[in-house]
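Numbering (the UniProt record's numbering), first residue to last: 1 to 393. Please read the structure below before turning to the comments.
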């Protein structure tokens, strides 16, 4: 799948930077274009892989390149005002070669939280290609203002994109980890999952052809219908046989000299499917009730077989209750591991979102109370003397 990636804000830009690194490292060729948009000049300068002419500084007349200070209303206003500058960078993207736009942002800050929904709305108005969002929720320990920003941004972003894929920092932060080290690791996890998902089906000259191809239309169909999506992942190291094992050998069950036990291969695949679905999802939720699902098995071709993938797909169908469960393989010679990636689309039973919204409502009430109390205190401070003293003007 060919993507135009647009990172909005600090977190969004860093994740797009990681995507470009992943693309270069694996040769998956999913990043057709990469753009970073920010109100903070320093954040744009800190990026390594995104071309300098594709880094867009907005809001200079309002914030002078210093960011919006976690004010996502200001972030949205600045994005609206400077949308033409963002469009200038997008105009250089060969859209006819792109399957979809992916707007990436952290939802807790100011620039990405406010600007990403504005950009998504703009893109949907102009282009016929799908516009997806990848939103990162802040950790619950990051403070009330970030939770409030995330709740407001989430409910706006999800309405403006064709599908919102969510990654919850709360589920992934490790205790005792430094903030920068923690976010670097989290960004790697994000890119690994979505890289395999979007990379499936891309075949270069001389590469193995999948038995059951997952192409961009399968991903688009799984994400169609809108709503919220989450991704599961599980992997296991394997030893690759010297002879490989092409499509014919996988179909016949004969993998040459190093014949692999078909039952063992099948069992490994079904086990990885279960681990991916029932383990740590990018957004923890109950998988039952998911509207659509997509299973991608990646790894050396001799460690993949149709029987295992079909069993995994049927199990996923039973667990989700969905009749729309697609599946296929993504042969990656020399990878040294077999991985299962599961995309669950249209999930609704998400306790974290309910909790986020509740905490945000309480934070909003607290902010209103504090502002009123502050005003009352100021009034009481100056009211005693104002009858005796005249104001200057």
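Here a beta-carbon is modelled for each residue, glycine too, at the ideal position from N, C-alpha and C. Predicted, not measured: the structure shown is a model, and the values here were computed from it.
- Query: Is it buried or exposed for residue 6, if we count other Cβ within 10 angstroms and need 16 for buried?
  - Reply: As a first step, residue 6 is located in the chain shown; it is residue number 6 there, counting from the start. By the 10 Å Cβ count, residue 6 comes out buried.
- Message: Assuming contact is defined by CB atoms lying nearer than 8 Å, are residue 222 and residue 294 in contact in what I supplied?
- Response: Numbered from its first residue, the chain shown carries residue 222 at position 222. Numbered from its first residue, the chain shown carries residue 294 at position 294. Yes. Within cutoff.
- Taking 7 Å as the cut-off, does the CB of residue 265 come closer than this to any heavy atom belonging to the ligand COA? Although the ligand COA was asked about, the structure shown includes no ligands whatsoever.
- Under 8 Å between C-beta atoms of residue 37 and residue 50: Residue 37 sits at position 37 when you count from the first residue of the chain shown. Residue 50 sits at position 50 when you count from the first residue of the chain shown. Contact flag unset, no.
- DSSP on residue 292, reduced to helix/strand/coil? As a first step, residue 292 is located in the chain shown; it is residue number 292 there, counting from the start. Correct three-state label for residue 292: strand.
- Message: Taking the alpha carbon of residue 149 as the reference point, which residue from 141, 158, 160, 137 has its own alpha carbon closest?
- Response: Taking the first residue of the chain shown as position 1, residue 149 is located at position 149. Closest by alpha carbon: 137.
- Go ahead and pull the three-state DSSP assignment for residue 343. One-based indexing of the chain shown puts residue 343 at position 343. Residue 343: strand per DSSP, three-state reduction.
- Item | residue 230 in three-state terms, based on DSSP | The sequence position of residue 230 within the chain shown is 230, counting from 1. Note: residue 230 maps to strand in three-state DSSP.
- Exposed or buried, what is residue 130 when buried is set at 16 or more other beta-carbons lying within 10 Å of its beta-carbon? Counting from 1 along the chain shown, the entry for residue 130 is found at position 130. Counting Cβ neighbours within 10 Å, residue 130 comes out buried, since at least 16 surround it.
- Task: Give every residue of the same chain whose Cβ lies closer than 6 Å to the Cβ of residue 115, excluding the five residues on either side of it in the sequence, and list them in chain order.
- Result: Here the question's residue 115 lines up with position 115 in the chain shown. Within the same chain, residue 115 has close Cβ partners 8, 75, 79.
- Taking the C-alpha atoms as reference points, what is the distance between residue 313 and residue 326? The sequence position of residue 313 within the chain shown is 313, counting from 1. The sequence position of residue 326 within the chain shown is 326, counting from 1. Cα to Cα, residue 313 sits roughly 7 Å from residue 326.
- Task: Taking residue 394 as the reference, give the member of 345, 239, 374, 375 with the closest Cα.
- Result: Nothing in the structure corresponds to residue 394, since the chain is present only between 1 and 393.
- Is residue 134 helix, strand or coil when you go by DSSP? For the purposes of this step, residue 134 is taken as the residue at position 134 of the chain shown. Here residue 134 sits in strand by DSSP.
- Message: So for residue 32, helix, strand or coil by DSSP?
- Response: The residue you call residue 32 lines up with position 32 of the chain shown. Here residue 32 sits in strand by DSSP.
- Where residue 18 and residue 353 are concerned, what is the direct C-alpha to C-alpha distance, given to the nearest angstrom? Position 18 of the chain shown holds residue 18. Position 353 of the chain shown holds residue 353. Cα-Cα distance, rounded: 26 Å.
- Query: According to DSSP, is residue 300 helix, strand or coil?
  - Reply: The residue you call residue 300 lines up with position 300 of the chain shown. Correct three-state label for residue 300: coil.
- Nearest-angstrom Cα distance between residue 331 and residue 301? Within the chain shown, residue 331 is the residue found at index 331, counting from 1. Within the chain shown, residue 301 is the residue found at index 301, counting from 1. Using only the alpha carbons, I get a separation of about 5 Å.
- Message: With H, G and I counted as helix, E and B as strand and the rest as coil, what does DSSP make of residue 165?
- Response: In the chain shown, counting from the first residue as 1, residue 165 sits at position 165. Of the three classes helix, strand and coil, the one that applies to residue 165 here is strand, per DSSP.
- Task: Report yes if the CB atom of residue 135 is closer than 8 Å to the CB atom of residue 102, and no otherwise.
- Result: Sequence index remark: in the chain shown, residue 135 carries index 135 (1-based). Sequence index remark: in the chain shown, residue 102 carries index 102 (1-based). Result no, Cβ atoms of residue 135 and residue 102 do not sit closer than 8 Å.
- Out of curiosity, what's the CA-to-CA distance linking residue 375 and residue 393? Taking the chain shown and counting its residues from 1, one reaches residue 375 at position 375. Taking the chain shown and counting its residues from 1, one reaches residue 393 at position 393. Straight-line Cα distance between these residues: approximately 21 Å.
- Item | Contact under 8 Å by Cβ, residue 124 with residue 73 | Here residue 124 is taken as the residue at index 124 of the chain shown, counted from 1. Here residue 73 is taken as the residue at index 73 of the chain shown, counted from 1. No, they are not a contact pair.
- Item | Member of 346, 350, 298 whose CA lies at the smallest distance from the CA of residue 334 | Numbered from 1 along the chain shown, position 334 holds the residue referred to as residue 334. Taking only the C-alpha atoms, the option nearest residue 334 is 298.
- Spell out a yes or no on whether the region 214 to 221 and the region 23 to 42 are touching, meaning 3 or more CB-CB pairs, one atom from each, closer than 8 Å. no
- Query: Are there 16 or more other CB atoms within 10 angstroms of the CB of residue 1, so buried, or fewer, so exposed?
  - Reply: Residue mapping note: residue 1 aligns to position 1 of the chain shown, counting from 1. That one is buried.
- Is the distance from the Cβ of residue 225 to the Cβ of residue 346 below 8 Å? Taking the first residue of the chain shown as position 1, residue 225 is located at position 225. Taking the first residue of the chain shown as position 1, residue 346 is located at position 346. Against a cut-off of 8 Å, the Cβ pair of residue 346 and residue 225 comes out as a contact.
- Query: Buried or exposed: which applies to residue 122, given that a residue is buried once 16 or more other Cβ atoms fall within 10 Å of its Cβ?
  - Reply: In the chain shown, counting from the first residue as 1, residue 122 sits at position 122. Residue 122 is buried by the Cβ-count criterion.
- Closest residue to residue 268 among 92, 152, 307, 4 (Cα-Cα distance): As a position in the chain shown, residue 268 is number 268, starting the count at 1. Nearest of 92, 152, 307, 4 to residue 268, Cα basis: 307.
- If you scan the region 84 to 138 from start to end, which runs of the alpha helix (DSSP H) of 4 or more residues do you find wholly inside it? 111 to 126
- Of the residues 272, 340, 120, which one's Cα is nearest the Cα of residue 195? One-based indexing of the chain shown puts residue 195 at position 195. Among 272, 340, 120, the Cα nearest to that of residue 195 belongs to 340.
- In angstroms with no decimal places, state the Cα-to-Cα distance between residue 170 and residue 140. As a first step, residue 170 is located in the chain shown; it is residue number 170 there, counting from the start. As a first step, residue 140 is located in the chain shown; it is residue number 140 there, counting from the start. Near 6 Å, if we compare the C-alpha coordinates of residue 140 and residue 170.
- Between the C-alpha atoms of residue 259 and residue 237, what's the straight-line distance to the nearest angstrom? Counting from one through the chain shown, the residue named residue 259 turns up at place 259. Counting from one through the chain shown, the residue named residue 237 turns up at place 237. A caution first: residue 259 carries a pLDDT of 49, below 50, which makes its placement in the model unreliable, though a value can still be read off. Going by the C-alpha atoms only, they are around 18 Å apart.
- Within 8 Å, strictly: CB atoms of residue 11 and residue 133: Walking along the chain shown from the start, residue 11 turns up at place 11. Walking along the chain shown from the start, residue 133 turns up at place 133. Taking 8 Å as the Cβ cut-off, residue 11 and residue 133 do not qualify as a contacting pair.
- Item | Cut-off 8 Å between Cβ atoms - residues of its own chain near residue 373, not counting five sequence neighbours on either side | To locate residue 373, count along the chain shown from 1; it is residue 373. There are no such residues.
- Item | Pair within 8 Å by beta-carbon distance, residue 20 and residue 35 | The residue labelled residue 20 in the question sits at position 20 within the chain shown. The residue labelled residue 35 in the question sits at position 35 within the chain shown. Not a contact, by the Cβ cut-off of 8 Å.
- Message: Going by C-alpha to C-alpha distance, which of 262, 266, 184 sits closest to residue 16?
- Response: The sequence position of residue 16 within the chain shown is 16, counting from 1. Comparing Cα-Cα distances from residue 16 to each of 262, 266, 184, the minimum goes to 184.
- residue 69, DSSP secondary structure in three states: In the chain shown, the residue the question calls residue 69 occupies position 69. Residue 69: coil per DSSP, three-state reduction.
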